[in-house]
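Protein chains in written order, with the numbering used here: chain A, 60 to 304; chain B, 60 to 304.
Heads up, the beta-carbon is just placed ideally off N, CA and C, and yes, glycines get one too.
Computed from a prediction, not measured in an experiment: that's the story for all the values here.
To start, the structure under review is shown below, and the notes come after it.
Number of protein chains: 2
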Amino acid sequence: MAGLDRYIAVLRLFSQGQSEWTVNDMAERLGVPQSTVYRTVRDLMGENFLEMASEARYRLGSVFIEFDRLLRLTDPLLTAGSQVLQDVVAAAGVPCVGLLCRLYNDTVMCIADATAPGATFSSSYERGRPMPLTMGATSKAILAHLPARRFSRVVEQSPDARSQAFRTELMAVRKAGVCISSGEIDADVVGVAAPILSKSPGVLASLSIVLPQTIADDAMVARIAAATMAGARRIEEGLSSSSGL
Amino acid sequence: MAGLDRYIAVLRLFSQGQSEWTVNDMAERLGVPQSTVYRTVRDLMGENFLEMASEARYRLGSVFIEFDRLLRLTDPLLTAGSQVLQDVVAAAGVPCVGLLCRLYNDTVMCIADATAPGATFSSSYERGRPMPLTMGATSKAILAHLPARRFSRVVEQSPDARSQAFRTELMAVRKAGVCISSGEIDADVVGVAAPILSKSPGVLASLSIVLPQTIADDAMVARIAAATMAGARRIEEGLSSSSGL
DNA sequence: TCAATGTTTCTCACATTTCGGGAATGAGCT
DNA sequence: AGCTCATTCCCGAAATGTGAGAAACATTGA
Chain A
60 MAGLDRYIAV LRLFSQGQSE WTVNDMAERL GVPQSTVYRT VRDLMGENFL
110 EMASEARYRL GSVFIEFDRL LRLTDPLLTA GSQVLQDVVA AAGVPCVGLL
160 CRLYNDTVMC IADATAPGAT FSSSYERGRP MPLTMGATSK AILAHLPARR
210 FSRVVEQSPD ARSQAFRTEL MAVRKAGVCI SSGEIDADVV GVAAPILSKS
260 PGVLASLSIV LPQTIADDAM VARIAAATMA GARRIEEGLS SSSGL
Chain B
60 MAGLDRYIAV LRLFSQGQSE WTVNDMAERL GVPQSTVYRT VRDLMGENFL
110 EMASEARYRL GSVFIEFDRL LRLTDPLLTA GSQVLQDVVA AAGVPCVGLL
160 CRLYNDTVMC IADATAPGAT FSSSYERGRP MPLTMGATSK AILAHLPARR
210 FSRVVEQSPD ARSQAFRTEL MAVRKAGVCI SSGEIDADVV GVAAPILSKS
260 PGVLASLSIV LPQTIADDAM VARIAAATMA GARRIEEGLS SSSGL
């Protein structure tokens with residue numbers, strides 16, 4: 060292990076379940092000597108990637124919040140999409156949650172959300188949380204538009220997606236330009252998601268609305284599907300005009 | 060340049076003003092050959108610290124959003140403070156903005172904010188934005204509680220804070236346990252900030268309420284000052300109980 | 001089709017840096 | 001003082017990054 064890897068290996072130790080580490084535990088877990096870990100930790104602290112929690116314990120540092128702000132201010136998908144996201148949620152006119160999510164390696168990550176007034180639930184797609192690519196409308200709207208080679212690779216690796224039925228379902232999603240699913244990730248909610256495509260490489264995302272099954276009838280879902288698709292088109296326009304700067 | 064520095068130097072190039080870079084520009088700016096920059100960029104992309112924007116341009120990657128979530132979920136100050144922050148804003152009962160900010164190197168950084176319904180303004184203390192330590196109630200509440208040695212160093216380096224009057228003002232803030240200022244950062248708003256202190260090292264923060272000058276009279280400011288101080292106490296309690304796990 | 005251009009990766013010899021084991025320092029506690 | 005634990009320091013050996021240029025690859029235009 061060398062270079063960036065050593066630093067990343069340390070950072071990746073920190074999780075929701077274990078958010079503080081001692082140098083000893085890190086060294087043991089990574090299988091490298093303490094002196095090396097101390098050096099690594101010192102470097103990371105110097106750049107605020109880590110900070111001291113208390114008595115020999117370390118935790119993630121605030122530099123991530125700083126870079127997160129930079130992303131919020133400059134990410135084209137966010138700048139083009141966050142207003143649209145709010146508009147679509149408002150236009151839905153029901154207690155729902157709106158999500159703007161993107162492909163992130165072999166997962167889907169929410170980068171912005173909007174909650175309509177009155178919504179008493181929340182989605183598992185929290186901002187910054189990697190989610191599986193093969194479940195949920197939000198994810199499948201993205202998966203359906205992966206290039207064939209990559210699509211196959213992802214599907215092969217996922218036990219719950221290897222069926223032929225799944226492939227044909229996703230083909231239909233691709234054709235329709237919208238994906239609707241019910242209770243796949245969170246019970247009792249319906250997800251309606253439209254893909255966001257763009258010429259520029261690496262932009263593959265979705266705009267989705269999540270609402271309680273109890274209030275969702277066919278007409279409402281159809282209306283919301285149209286709204287998300289229209290929103291997705293608007294975001295695509297915003298992306299292509301901003302990239303032309 | 061070696062080790063982490065090389066990587067950080069690249070990441071620090073990205074700013075609000077220039078959010079996309081070509082390898083050429085990076086190499087020129089950093090004064091290192093292109094081949095080296097290519098290697099560095101490739102490594103950073105592999106870990107999602109950078110991503111390709113378009114045609115030979117690179118931008119910050121989404122890994123920061125992922126780590127930002129981890130921080131939101133695990134940072135003791137945030138977990139102890141975000142509920143209190145909302146409570147204090149609600150208790151204020153006026154269109155105001157609440158801020159939870161912390162010391163970050165020689166700056167102050169907002170880590171959480173809450174806007175009361177009806178507030179038509181926003182604070183310059185955006186989440187993740189480093190702010191000067193010597194201006195604004197939010198910052199001065201923190202500065203006033205820096206250890207003497209560090210306090211002096213910061214004050215010396217800041218042209219607008221070198222006066223004796225400033226030192227005595229901050230002494231008074233320290234005594235009072237609250238800092239109130241008007242229009243120092245944003246015109247036409249009043250800031251009311253209470254320091255958050257804790258035994259654990261590195262925890263130095265403030266809880267503040269920002270409200271328009273037009274609605275702020277002495278009685279209201281006094282009431283809000285008491286509320287922020289009470290909130291700060293509650294957060295301190297939350298911190299000490301959680302660290303005892 | 002071929003040349004031209006720009007981006008990205010690769011190669012290789014060399015110097016620099018990191019690595020890791022252990023010793024040294026330092027702070028806190030009894 | 002003496003003990004324990006956290007952290008830094010030291011140094012030779014070994015691995016890694018460095019940088020200049022060439023090569024691969026993609027795109028564009030003639």
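Residue-level contact check: leucine 72 of chain B does not touch chain A, since none of the beta carbons of chain A fall below 8 Å from its beta carbon.
Residues of chain A with a Cβ closer than 7 Å to the Cβ of phenylalanine 126 of chain B are, in chain order, Leu119, Phe123. In the three-state scheme derived from DSSP, where H, G and I count as helix and E and B as strand, valine 156 of chain A is classed as strand.
Glycine 250 of chain B sits close to valine 269 of chain B, with the two beta carbons spaced by under 8 Å. Arginine 128 of chain A and valine 147 of chain A have their C-alpha atoms roughly 24 Å apart. By a beta-carbon distance limit of 8 Å, aspartate 102 of chain A does not contact glycine 105 of chain B. Their separation comes to about 19 Å. The beta-carbon separation of aspartate 247 of chain B and proline 218 of chain B, rounded to 25 Å, does not stay under the 8 Å limit for a contact. In the DSSP annotation of this structure, the continuous segment of the alpha helix (DSSP H) that includes alanine 139 of chain A starts and ends at 135 to 151.
Contact of tyrosine 184 of chain B with chain A is not assigned, every C-beta pair being separated by 8 Å or more. For the pair glutamine 216 of chain A and alanine 150 of chain B, the Cα-to-Cα distance works out to about 52 Å.
Non-local C-beta neighbours of cysteine 238 of chain B in its own chain, meaning closer than 6 Å and more than five positions away in sequence, comprise Ala196, Lys199, Ala200, Val232, Ala252, ordered along the chain. Using a CB distance cut-off of 8 Å, arginine 188 of chain B counts as an interface residue toward chain A. The three-state reading of DSSP puts leucine 263 of chain B in strand, counting E and B together. C-alpha of valine 122 of chain A to C-alpha of cysteine 169 of chain B: approximately 12 Å in a straight line. Three or more beta-carbon pairs separated by less than 8 Å are not found between the stretch 169 to 183 of chain B and the stretch 201 to 208 of chain B, which leaves the two stretches without contact. Taking the Cα positions, threonine 166 of chain B is about 32 Å away from threonine 95 of chain B.
Counting of Cβ neighbours within 10 angstroms places tyrosine 163 of chain A among the buried residues, the total reaching 16 or more. The shortest CA-to-CA distance from alanine 275 of chain B to any of B:Gly152, B:Thr138, B:Val82, B:Asp64 is the one to B:Gly152. Taking all protein chains in view, the Cβ of proline 92 of chain B is surrounded by fewer than 16 other Cβ atoms within 10 Å, so the residue is classified as exposed. Taken through DSSP and simplified to helix, strand or coil, tyrosine 97 of chain B comes out as helix.
Runs of the beta strand (DSSP E) lying entirely within the stretch 148 to 221 of chain B and spanning at least 3 residues, in chain order: 156 to 163, 166 to 174, 189 to 191. Per DSSP, reduced to three states, the secondary structure at glutamate 114 of chain B is coil, with no helix or strand assignment. Straight across, the Cα-Cα distance linking leucine 136 of chain B with leucine 109 of chain A is about 15 Å. Sequence-distant Cβ neighbours of glycine 120 of chain A in its own chain, meaning closer than 6 Å and more than five residues away, are Asn107, Phe108, Leu109, Glu110.
Within chain B, the residues whose beta carbon sits less than 8 Å from that of glutamate 106 of chain A are Leu63, Ile67, listed in sequence order. Taking the beta carbon of aspartate 172 of chain A as reference, no residue of chain B falls within 8 Å; the closest one sits roughly 12 Å away. Threonine 81 of chain B carries a strand assignment under DSSP once its states are collapsed to helix, strand and coil.
Straight-line spacing of the CA atoms in methionine 288 of chain A and arginine 226 of chain A works out to 22 Å. Neighbourhood of methionine 85 of chain B in chain A, by CB distance below 8 Å: empty, with the nearest CB roughly 16 Å away. Shown here, glycine 76 of chain A sits in coil according to DSSP, grouped into three states, outside any helix or strand. Straight across, the Cα-Cα distance linking arginine 116 of chain A with glutamine 223 of chain A is about 50 Å. Serine 78 of chain B reaches chain A at Thr133, counting residues in chain order whose Cβ is nearer than 7 Å.
Residue burial annotation: serine 301 of chain B is exposed, with fewer than 16 other C-beta atoms found within 10 angstroms of its C-beta. With a threshold of 8 Å between beta carbons, methionine 168 of chain A makes contact with chain B. A distance below 6 Å between beta-carbons, with the five flanking residues on each side excluded, links alanine 173 of chain B to the following residues of its chain, in chain order: Leu144, Gln145, Val148, Gly157. Of all residues in the stretch 92 to 104 of chain A, the ones placed with a Cβ closer than 8 Å to any Cβ belonging to chain B are Asp102, Leu103, in chain order.
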